[in-house]
Amino acid sequence: SVSWSGGCAGGKLSGRGVFIGYENGKERGMSEGEMRNGKFHGRGIMTDAKGNRYERNFRDGKEHGR
Numbered sequence: 037s038v039s040w041s042g043g044c045a046g047g048k049l050s051g052r053g054v055f056i057g058y059e060n061g062k063e064r065g066m067s068e069g070e071m072r073n074g075k076f077h078g079r080g081i082m083t084d085a086k087g088n089r090y091e092r093n094f095r096d097g098k099e100h101g102r
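Per our numbering, the very first residue in the sequence shown carries number 37; after that it's consecutive.
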């Protein structure tokens, strides 16, 4: 399951927020950043279940640039 702390527009995730994924009731990872039309867009920070942190740029849900 997942949770999203940001907004929604037109039934899709939108705006700045935190997206958390769960498996068997345990947090598996977290992503913080901007969503547009239900996809990550702009700068995002991902943290995996072990606490490793990654910063990425996204365009329409795909990694973009450096």
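For every residue, glycine included, the Cβ atom is placed at its ideal position computed from N, Cα and C.
Kindly indicate the opening and closing residues of the beta strand (DSSP E) around residue i.
i, result
"residue 100", "That residue, residue 100, is in no beta strand (DSSP E); it is neither H nor E in DSSP."
"residue 50", "48 to 59"
"residue 42", "No beta strand (DSSP E) contains residue 42, which DSSP labels as neither H nor E."
"residue 37", "From DSSP, residue 37 is part of no beta strand (DSSP E); its letter is neither H nor E."
"residue 62", "62 to 72"
Between residue i and the rest of its own chain, which residues show a CB-CB distance below 7 angstroms, the 5 nearest in sequence each way excluded?
i, result
"residue 95", "77"
"residue 101", "93"
Go ahead and label residue i buried or exposed: buried means 16 or more other beta carbons lie within 10 angstroms of its beta carbon, across all protein chains shown.
i, result
"residue 69", "buried"
"residue 67", "buried"
Only counting the same chain, and skipping five residues up and downstream in sequence, which positions put a Cβ closer than 8 angstroms to that of residue i?
i, result
"residue 50", "42, 43, 44, 71, 72, 73 and 74"
Let me make sure I understand the geometry here. Which of the options has the alpha-carbon closest to that of residue i?
i, options, result
"residue 38", "92, 62 and 91", "62"
"residue 84", "46, 48, 55 and 40", "55"
Leaving aside the five residues before and after residue i along the sequence, list all residues of the same chain whose C-beta is less than 6 angstroms from its C-beta, in chain order.
i, result
"residue 99", "92"
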